[in-house]
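To keep things clear, I will list the structure first and then write my remarks on it.
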Amino acid sequence: MKLKSFSEMNCSLAQALEVVGERWTLLILRDAFFGIRRFEEFQRRLGIARNILSARLARLVEEGILERHSVSPGGKWAEYRLTEKGRSLQPALLALVQWGDRWYPNEDGLRVDFYDRRSGESIAPIRPHNQQGEPLEPKDIRARPGPGGPKKLVAEAE
């Protein structure tokens, strides 16, 4: 079943979902952050069909999230490495993992403990902060149209 494209929607979330919203794509990115680089490694770890993996990797390269580097003559063997654009997805992926840990925990504890390589301490939960660095709760956050957005975000109550 072909899903509706969000490419024409003037919404930052829709534009992001157009690129990384497919579930295999997020798992490929997860593995790329864990250091997986070769097609065969992605395929083995994920159990994904080769044609789907090939299409997802090609799209991530096309979007500049991964770079393909040949590691053998003739380009038969390649590695896929995160670009700056790809690495900038890390907070979003960490926030999804933390949400999953909270709402769908494993009875034995954390599945993965993300930590600061320098101190060895677990990272703090990903949360929005105001310009002064103070944490914000969902009730503290509102949205308003930006210069490139719609005139109104939601229908105003009568």
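For the sequence shown, the positions run 79 to 236 when my numbering is used. The beta-carbon is built from N, C-alpha and C at its ideal position, and this holds for glycine as well. Computed from a predicted model, the values in this text were never measured in an experiment.
Exposed unless 16 or more other CB atoms sit within 10 angstroms - verdict on residue i
i, result
"residue 193", "exposed"
"residue 112", "exposed"
"residue 116", "exposed"
"residue 93", "exposed"
"residue 138", "buried"
"residue 135", "buried"
"residue 158", "buried"
"residue 164", "buried"
"residue 106", "buried"
"residue 231", "exposed"
"residue 201", "exposed"
Residue i - containing alpha helix (DSSP H), residue span
i, result
"residue 132", "128-140"
"residue 180", "168-181"
"residue 106", "101-111"
Close beta carbons around residue i, own chain, < 8 Å, minus the five adjacent residues each side
i, result
"residue 123", "109, 114"
"residue 143", "97, 98, 107, 160, 161, 163, 164, 167"
"residue 223", "229, 230, 231"
Host beta strand (DSSP E) of residue i (start-end)
i, result
"residue 160", "156-160"
"residue 148", "144-148"
Residue i (DSSP reduced to helix, strand or coil)
i, result
"residue 116", "strand"
"residue 213", "strand"
"residue 90", "helix"
Close beta carbons around residue i, own chain, < 7 Å, minus the five adjacent residues each side
i, result
"residue 199", "193"
Residue i vs residue j beta-carbon contact at 8 Å
i, j, result
"residue 141", "residue 97", "yes"
"residue 213", "residue 207", "yes"
Sequence-distant residues of its chain with Cβ nearer than 6 Å to residue i (five each side left out)
i, result
"residue 168", "none"
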